[in-house]
Amino acid sequence: MSINKNILLFLLAAIGLIALPHIENLPSSVTGYFYLLLSWRLVGVWKPQWLPTKLMLLLLTVIGIAILYSLHEGIFGRDAGTRLFVTALGLKLLEIKSERDLYLIIFLAFIVATSLFLYQQSIFMAAYILVVCCVLLGTLVCINSSHSKTWHSLKTAGVIIAQALPMTIVIFILFPRVEAPKWMYFNDKHQAKTGLGDNMEPGTISDLAMSDELVFRVQFTGTIPPPAQRYWRGPVLTQTDGKRWTQNRIDLSQPIDQPKLTGNPYQYILLMEPQDKNWVFALALPADVSSPLRRNSHYQLVTSANPDKRTEYRITSYPTYNTGTITKDEYQEATQLPGPASANVTQLVQRLHGFDSPPDKFISQLLNHFKTEDFYYTLTPPLMQENPIEQFLFESHRGFCEHYATAFVYLMRVAHIPARIVTGYQGGELNQVGNFLDIKQAYAHAWAEVWLENRGWVRIDPTAAIAPERIEQNINIDQQVANGIISFTPNSASAAVDWLKNARQLWGNVDYQWQRWVINYDNKNQSKFLSSLGISDLKTMIYWMAGIIGLITAVLSWVLLRNPGQPTDPAVLAYQRFCKKLVVKGLIKRPGEGAKDFSKRAKKSLPEQAASIDLITQLFIKLHYGKQQNNNDLQRFESLVARFNFKH
Amino acid sequence: MSTLTLKERFSLSRFSIGEKATDKPVTLNQRRIFILPTDRGLGFAILIALLLLIAFVYNNNLAYLLAFLLASIFFITILHSYRSLSGLVLRSGQSKPVFSGQAAGFNIHIDNSTNKERLQLKISLLQTTETISLSAHNQAQVVLHSATDNRGWQKAGTLTISSTYPLGLFRAWSPLRFNLNVLVYPKPANTELPFPETPASQSEQGTAPAHKGNDDFFGLQSYQPGDAIKHIHWKSYAKGLGVFSKQYDGESSDQIWLNYIQTPGHGIEERLSQLCRWLIDAEQAGISYGFSIPGLKLEPANGQHHYQKCLEALALFETS
Numbered sequence: 007m008s009i010n011k012n013i014l015l016f017l018l019a020a021i022g023l024i025a026l027p028h029i030e031n032l033p034s035s036v037t038g039y040f041y042l043l044l045s046w047r048l049v050g051v052w053k054p055q056w057l058p059t060k061l062m063l064l065l066l067t068v069i070g071i072a073i074l075y076s077l078h079e080g081i082f083g084r085d086a087g088t089r090l091f092v093t094a095l096g097l098k099l100l101e102i103k104s105e106r107d108l109y110l111i112i113f114l115a116f117i118v119a120t121s122l123f124l125y126q127q128s129i130f131m132a133a134y135i136l137v138v139c140c141v142l143l144g145t146l147v148c149i150n151s152s153h154s155k156t157w158h159s160l161k162t163a164g165v166i167i168a169q170a171l172p173m174t175i176v177i178f179i180l181f182p183r184v185e186a187p188k189w190m191y192f193n194d195k196h197q198a199k200t201g202l203g204d205n206m207e208p209g210t211i212s213d214l215a216m217s218d219e220l221v222f223r224v225q226f227t228g229t230i231p232p233p234a235q236r237y238w239r240g241p242v243l244t245q246t247d248g249k250r251w252t253q254n255r256i257d258l259s260q261p262i263d264q265p266k267l268t269g270n271p272y273q274y275i276l277l278m279e280p281q282d283k284n285w286v287f288a289l290a291l292p293a294d295v296s297s298p299l300r301r302n303s304h305y306q307l308v309t310s311a312n313p314d315k316r317t318e319y320r321i322t323s324y325p326t327y328n329t330g331t332i333t334k335d336e337y338q339e340a341t342q343l344p345g346p347a348s349a350n351v352t353q354l355v356q357r358l359h360g361f362d363s364p365p366d367k368f369i370s371q372l373l374n375h376f377k378t379e380d381f382y383y384t385l386t387p388p389l390m391q392e393n394p395i396e397q398f399l400f401e402s403h404r405g406f407c408e409h410y411a412t413a414f415v416y417l418m419r420v421a422h423i424p425a426r427i428v429t430g431y432q433g434g435e436l437n438q439v440g441n442f443l444d445i446k447q448a449y450a451h452a453w454a455e456v457w458l459e460n461r462g463w464v465r466i467d468p469t470a471a472i473a474p475e476r477i478e479q480n481i482n483i484d485q486q487v488a489n490g491i492i493s494f495t496p497n498s499a500s501a502a503v504d505w506l507k508n509a510r511q512l513w514g515n516v517d518y519q520w521q522r523w524v525i526n527y528d529n530k531n532q533s534k535f536l537s538s539l540g541i542s543d544l545k546t547m548i549y550w551m552a553g554i555i556g557l558i559t560a561v562l563s564w565v566l567l568r569n570p571g572q573p574t575d576p577a578v579l580a581y582q583r584f585c586k587k588l589v590v591k592g593l594i595k596r597p598g599e600g601a602k603d604f605s606k607r608a609k610k611s612l613p614e615q616a617a618s619i620d621l622i623t624q625l626f627i628k629l630h631y632g633k634q635q636n637n638n639d640l641q642r643f644e645s646l647v648a649r650f651n652f653k654h
Numbered sequence: 003m004s005t006l007t008l009k010e011r012f013s014l015s016r017f018s019i020g021e022k023a024t025d026k027p028v029t030l031n032q033r034r035i036f037i038l039p040t041d042r043g044l045g046f047a048i049l050i051a052l053l054l055l056i057a058f059v060y061n062n063n064l065a066y067l068l069a070f071l072l073a074s075i076f077f078i079t080i081l082h083s084y085r086s087l088s089g090l091v092l093r094s095g096q097s098k099p100v101f102s103g104q105a106a107g108f109n110i111h112i113d114n115s116t117n118k119e120r121l122q123l124k125i126s127l128l129q130t131t132e133t134i135s136l137s138a139h140n141q142a143q144v145v146l147h148s149a150t151d152n153r154g155w156q157k158a159g160t161l162t163i164s165s166t167y168p169l170g171l172f173r174a175w176s177p178l179r180f181n182l183n184v185l186v187y188p189k190p191a192n193t194e195l196p197f198p199e200t201p202a203s204q205s206e207q208g209t210a211p212a213h214k215g216n217d218d219f220f221g222l223q224s225y226q227p228g229d230a231i232k233h234i235h236w237k238s239y240a241k242g243l244g245v246f247s248k249q250y251d252g253e254s255s256d257q258i259w260l261n262y263i264q265t266p267g268h269g270i271e272e273r274l275s276q277l278c279r280w281l282i283d284a285e286q287a288g289i290s291y292g293f294s295i296p297g298l299k300l301e302p303a304n305g306q307h308h309y310q311k312c313l314e315a316l317a318l319f320e321t322s
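If you're matching them up, the sequences are chains A and B in order. Each residue of the first sequence is one higher than the last, beginning at 7 in this note's numbering. Each residue of the second sequence is one higher than the last, beginning at 3 in this note's numbering.
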């Protein structure tokens, strides 16, 4: 085989690295198959006779196809396509006959590298791929400079990448982004993500409290609302069977009265991480929004953009609002009860003056009841199977936010006050470096909303009554996840400042900027950014791109192509010494002037040296242009030049 | 450096055949170097298009970034390709004459006076390709072999220096023409004919060979039974040419005449071929030989200079 062993090893290393992160993304049958082929090929580097024969190769191909077929994914779409390319790459490895095959393998490897970005877009992944690309290009350099050392090739590849980076960045910024037409979306099945759902049972939220997964990030253009104002509104649950709460069945898209929004608005950019559901968690209460966002009749924001993609939204919210009247349908769904209330419940409502006093009073009585009675806020309440609300109210007295919210709404409804459950997130960890909030799954929360005459829907958070620190302080997610008990971080700065936290916030900020400016640089962000630079239409974009690329090319050409170098021909070097001596007499050889012409000029101004100038010139022409090299001539020439001097 | 006329500059032949042949050293520069993508380069372009499609469909910015990076690399490689040849100085050397049928070797001198390493330079002439690498401030000599079949001056034609360094996506090449000629002698005949028995000079004077004496060597003749053993020409025997006995001529001459007219053979080439064989043998045997072909007569002599003059005359006989 004509392929150099070094090149093969180099290539196989690069291929092994490229497929490594796919272990997490692809079924083990595919990655196992791939790495089996790769190891086979690796062994074949030393034992070429062990490589598969044509028949075996055919058999392996059939096995590969069988594996792909057994996964029932077809060949289109992210997962199926990736599997196909990984399998093809593995098979191609075993059939390296010529340099052309190496190129095909490297091209396939670049496609597999790209497919990694469809799964993960972190900085680490980008850096990793950059390094692997360097190795792949190094292989190409190796192929095209057969005798060069591996390390040298790698360095050359690195230099080429470094030289290409400025141009890459310019193209990245200026290349027009167009959203792909809808028919091009492939229906990819994804693993279900954790997060809020459209229904709630006891335990739903407390499960989330154990997850530090990022849900969204918010950057405010003005002031950041205090922790007690940070209610991020999600799905509103109205229907209940006593245990399970669900969204209602009425059409959420029907128009409702415009709420009266007052007070200082908060303006912010919300960057949603990839989600299953098309919900956008806005601060209460979002003002009118434009496409792709829509506000449904529960004042919840939903998006028509693909929720599986990280998307950025600009939203304005007003902390004080009045939603006005309630419709008949709304009233009906907000007073729905699974059945007649039990005697215990009626007794409790009566005791708290639920039937005979205004709703305000009953609400404060009830909250007070939670506060003064023996109620506990805990992540791990006892299991409540049969009738969780009554069990919580009268027996265990232990519950998480969902227990307090459901019990509260239930009692309100018993007292004929329209009430409903709002789920969403509460709080947010402030990143002091980038001045944005991180909202993680652990911040999932459920609270209540009651409708009051003249005030509309009003937010009441029973959790705030029993555990005000939940609302006013940050959850200490690390401890909470580690220990399984609710933990808070005081807001005071002194406790927050330790270097680990600073480092983490710094990294969080880098990650946020990466997400915003690189991953999420779509056509909207692009036009916004470019118009701030005065580039508004496609034509100018292309002109700018061509112009800057031209400029970069010019700079690179200058850097790469200057330095014509020093001649090595000893005759030329000696002749240059001769010319240098003549400079003293004001005789400078023009670039492009021949040796003969120059000697004519020199003789004219130095007639007494004419003989030696002639001799030197003749010898030089003979040495430099003549076909026969003669060492004696060269020595004579050099000594003539050395002896050439002016008599004073 | 000479400049090109407008017509020359736009002549397509510069791409493949090269500029006018020259004796001078040629420095490779923007006028001489041409660059086009290789088929691998085209494959790479298709790869970039595919990555862009993936990026577009999935609206994935990192995929875009990778596609743009590869596109930038593709573009920048053009400069590197140019750099792999630019500044090299090529000079033609002298080539040794060969007999027809032997491979002619053309000498090319490559001077890398720059501080850049040149890797995998391919220098090709017709079917033969030599690959060399030149470190910075170094020079090398390359001998390109080319088959010969006709006697006379053979031109080297266009030689091409090319490189696909660094990534093999582009090929930079420069077609060069030097006044590189090699003299091709006729192919020596394979026959075992003895030297002409009659010295040409004597036959001209009308005297027949008198007798075979012992005084002066005059030629070789196929061994006849009865010839003295000490007269056997062992040199030709050793060469496997057969057994010849040395013929000595009492009056003259340790010399023979190789005469075109008296050389057996059909047509010019066969005769020249035979003459060539005799020349080689005579030179090797150390015999003085006179040489006569129409238009040239050389008095008997011996030695490299004479030998080459004769061969040259054979090579160029009746060629324009």
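Don't be surprised by glycine CBs; every beta carbon is placed ideally from N, CA and C.
Cβ-heavy atom distance between residue i and the ligand ATP below 6 Å?
i                      : result
residue 604 of chain A : The ligand ATP is not part of the structure shown, which contains no ligands of any sort.
Less than 7 Å between the beta carbons of residue i and residue j, yes or no?
i                      : j                      : result
residue 135 of chain A : residue 119 of chain A : yes
residue 447 of chain A : residue 221 of chain A : yes
residue 119 of chain B : residue 97 of chain B  : no
residue 305 of chain A : residue 289 of chain A : no
For residue i, which residues does DSSP report across the bridge?
i                      : result
residue 575 of chain A : Looking at the DSSP assignment, residue 575 of chain A forms no beta bridge with any residue, so it has no partner.
residue 473 of chain A : Paired residue(s): none; residue 473 of chain A is not in a bridge.
residue 272 of chain A : A/323
residue 131 of chain B : B/126
residue 432 of chain A : A/237
residue 444 of chain A : A/223 and A/435
residue 184 of chain B : B/156
Anything in chain B within Cβ reach of residue i, meaning under 7 Å, just list it in chain order.
i                      : result
residue 150 of chain A : 122, 166, 167, 168, 169 and 170
residue 170 of chain A : 71, 74, 75 and 78
residue 147 of chain A : 168 and 169
For my contact list, residue i and residue j are in at a C-beta cut-off of 8 Å; report their separation, rounded to the angstrom.
i                      : j                      : result
residue 102 of chain B : residue 150 of chain B : 5 Å
residue 110 of chain B : residue 94 of chain B  : 6 Å
residue 28 of chain B  : residue 123 of chain B : Not really, about 14 Å apart at Cβ, beyond 8 Å.
residue 142 of chain B : residue 86 of chain B  : Going by Cβ atoms, the distance from residue 142 of chain B to residue 86 of chain B rounds to 15 Å, so no, they are not a contact pair.
residue 239 of chain A : residue 430 of chain A : 5 Å
Secondary structure at residue i, three-state DSSP: helix, strand or coil?
i                      : result
residue 238 of chain B : helix
residue 161 of chain A : helix
residue 189 of chain B : coil
residue 106 of chain B : strand
residue 561 of chain A : helix
residue 144 of chain B : strand
residue 486 of chain A : helix
residue 511 of chain A : helix
residue 554 of chain A : helix
residue 68 of chain A  : helix
residue 24 of chain B  : strand
residue 254 of chain B : Any answer about residue 254 of chain B is weak, because its pLDDT of 43 lies below 50 and its placement is not dependable; what the coordinates show is given next. Coil.
residue 121 of chain A : helix
Against residue i, what residues of chain A qualify as contacts under a CB-to-CB distance less than 9 Å, listed in chain order?
i                      : result
residue 283 of chain B : Within 9 Å Cβ-Cβ: nothing; residue 283 of chain B doesn't reach chain A, min ~30 Å.
residue 37 of chain B  : The contacting residues do not exist; residue 37 of chain B stays about 13 Å from chain A at best.
Please compile the residues from chain B whose C-beta is within a distance smaller than 8 Å of the C-beta of residue i.
i                      : result
residue 119 of chain A : 68
residue 125 of chain A : Here the premise fails: no neighbours, minimum Cβ distance about 10 Å.
Note down, in chain order, every chain A residue with its Cβ under 8 Å from the Cβ of residue i.
i                     : result
residue 85 of chain B : 566 and 567
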